[in-house]
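Shown next, in structure tokens, is the structure this report addresses.
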Amino acid sequence: MRSLRSNRGLAVARANSWLLLADPAPIVVTVAMPLLLMAFLMPAAGAQLHQEGYAGASGAEQVVPGMAVLFAFLSTSLICTLFFREHAWGTWDRLRASSASSLDLVLGKVVPLYVCLLAQMAVLFGVGAVAFGYRPNGSWLALAAILAVFVAALVLFGVMLVAVFATLDEAMVTGNLGGMVMAGLGGALLPPRRSLDGRSR
Amino acid sequence: MAMVGRAAMLEIDGLCKRYGTHEVLCGVDLAVLSGQVLALLGPNGAGKSTLVSIAAGLCLPDGGQARVAGFDVRRERRGALAHLGLAPQDTGVYPTLTVKQNLDFFARLNGVPSRQVPGRVREVAETLGLTSLLGQRAGQLSGGQRRRLHTALAVVHGPEVLLLDEPTVGADVAARAGLLDVVRKLAAGGAAILYTTHYLPEVEQLGADVAILHEGRIRLAGHLQEVVASYAQTRATLTFVGDAPVLSGWQVAGERLVRDVVGDELGPVVADAIAVLAARGGEVQLAGMEIARPSLETAYLAVTGDHRNAPEGGADALAA
């Protein structure tokens, strides 16, 4: 984080915070949609968990972390957009021709988004706890630490997509499909054991 | 083009760039001094934007080097870019941010200390006529206003070297005049400005020095007046009643005789022609004479020999 202590890194972070706030629709969608899906899917998830032998489960144990993780993966498209739209706006060359280092530019772009995704997680788990009665098995603090690492990994995944692919469409398709696969395999849609049971039949 | 006592702020030495087998730049040498506006001219695809990209550190050369304020752009990139302002060919602004936010960001990004940023933003906005637009989103600006903001972002940190790549494309007459005025002021303030354009009248209005890039090489460099005096041709046209007579050294075009002359030859050439015609008596009847004065456009065409890719107004100038 040495770079962000420089004025240039801070300037990039500040401007990218403005950019996120100036057009908040994508962030609002990645918060509102999982909350809606949680509400609709909770009864089905509760019934499924009962079948699995979890008598006291409400379904929030599945849908709150499941939807949060799924939509966090889908948020990688935000990271791709944040970089690729600089090309569309013609500002990328201006950034590169400035005296800011590459590290200033990359960190300045991803740190606001990292904070934004952490806030997304906080809202989803917070509303999940208050509205749907979600409680983690372990401590909230441990969950927060895991989420912080998870979001960092996601942001790096997004940066990797930007580095590897030449167009926004390629990066977003790969990010969304890859995110869906990883979320599915991780148990965001169904508990993993159930998925594996289904496959073994 | 020598300007005694002024430091070379942008130095291009033996620059080469190849795309595949196509050599875009082959051994280009240029220097732009403090306070100088150097207009880099050339047909489409001549390598002007490539040269600007290399000078701005956006593209690596295959040979040679570019130095900004004495810093090698490749090896001392951050030092070089700290002294550079770039307005690329395509407009680059953040449409969802306000004019003020755009200016504020690029000032800080280029190292203007926080305390000086509001003052710089106000000053540059005033210079470029953006003061009343500071609170407006850049995406809502007209094309000309957006061009002015685009240029303002390049100068907000007060760079010593300014690269303006076709800065007036798409600007209306008033916006163009305003931008030229800004370029003059910046040069008067000591900035070294490399200015690429296809609009040759702009170069004449700026009174800039000229370098013509053609087929990867600088074909001609010098002060505007020197270039025009050395290379531009004056066209003399004699119009007759009925078919034009045959006259040595003149081209017949229906009722007209046409001759292009360089430098001071015009007077003697026309005087000789009239003397010869007068000697023929009533055989020929001269209806009129037209002298098309030399301009940068005719010099440009003489140097590049490329009439198909003539800059704005070039082909017309010859046809006149």
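From first to last, the protein sequence lines stand for chains D and V. Each residue of the first sequence is one higher than the last, beginning at 19 in our numbering. Each residue of the second sequence is one higher than the last, beginning at 509 in our numbering. Beta carbons: idealized from backbone N, C-alpha and C, even for Gly. Remember, predicted model here, so these are calculated numbers, not experimental data.
- Residue state for H665(V) is assigned as coil, using DSSP reduced to three classes.
- The shortest C-alpha to C-alpha distance from G543(V) to any of V735(V), G715(V), A595(V), V681(V) is the one to G715(V).
- Shown here for E79(D): not one same chain residue has a beta carbon closer than 6 Å to its own, the five before and five after excluded.
- For W36(D), the closest Cβ of chain V is nearer than 9 Å.
- In the DSSP assignment, H722(V) falls within the beta strand (DSSP E) that extends over 717-722.
- Residue pairing by DSSP places V536(V) opposite L523(V) in a beta bridge.
- For the segment 117-131 of chain D, the set of residues with a beta-carbon nearer than 8 Å to any beta-carbon of chain V comprises S117, A118, S119, in chain order.
- Collapsing the DSSP output to three states places Y703(V) in a strand.
- Residues of the segment 98-112 of chain D with a C-beta atom less than 7 Å from some C-beta of chain V are W107, G108, T109, D111, R112, listed in chain order.
- Neighbours of R586(V) across chain D, judged by C-beta separation under 9 Å: S117, A118, S119.
- The beta carbons of G193(D) and C98(D) sit closer together than 9 Å.
- In this structure, the straight-line span from the alpha carbon of T742(V) to that of L708(V) is close to 17 Å.
- DSSP places Q644(V) in no alpha helix (DSSP H); its state is neither H nor E.
- The beta carbon of A588(V) sits closer than 6 Å to those of V576, F579, V581, all from its chain and outside the five residues before and after it, given in chain order.
- If you look at L548(V), you'll find it isn't in any alpha helix (DSSP H); it sits in the beta strand (DSSP E) that goes 545-549.
- Apart from sequence neighbours up to five positions away, no residue of its chain approaches N155(D) with a beta-carbon distance below 6 Å.
- Identification of residues in the segment 655-681 of chain V having a C-beta nearer than 7 Å to some C-beta of chain D yields L661, given in sequence order.
- Relative to the Cα of A171(D), the nearest Cα in the group L136(D), L159(D), S35(D) belongs to L136(D).
- In chain order, R616, L617, G619, V620, P621, S622 make up the part of chain V whose C-beta sits under 9 Å from the C-beta of N25(D).
- For E763(V), DSSP assigns no beta-bridge partner whatsoever.
- Unbroken beta strand (DSSP E) runs of no fewer than 3 residues, entirely contained in the segment 561-611 of chain V, are found at 571-576, 592-595, following chain order.
- Residues of chain D with a Cβ closer than 8 Å to the Cβ of D689(V) do not exist, since the nearest Cβ in that chain sits about 23 Å away.
- Rounded to whole angstroms, the gap between the alpha carbons of R725(V) and V532(V) is 9 Å.
- Between G593(V) and N618(V), the C-beta gap is smaller than 9 Å, which places the two residues in contact.
- Per DSSP, the continuous alpha helix (DSSP H) segment holding E712(V) begins and ends at 708-714.
- DSSP, read as helix, strand or coil, puts V769(V) in strand.
- In this structure the segment 637-655 of chain V lies against the segment 674-684 of chain V, because at least three pairs of beta carbons, one per stretch, are closer than 8 Å.
- Rounded to the nearest whole angstrom, the CA to CA distance from I720(V) to T806(V) is 13 Å.
- For Q793(V), there is no enclosing beta strand (DSSP E), since its DSSP letter is neither H nor E.
- Look at L671(V) here: in three-state DSSP terms it is strand.
- Looking from the CA of R586(V), the closest CA among R26(D), I45(D), A206(D) belongs to R26(D).
- Uninterrupted alpha helix (DSSP H) stretches at least 4 residues long and entirely within the segment 75-139 of chain D occur at 78-92, 94-107, 110-114, given in chain order.
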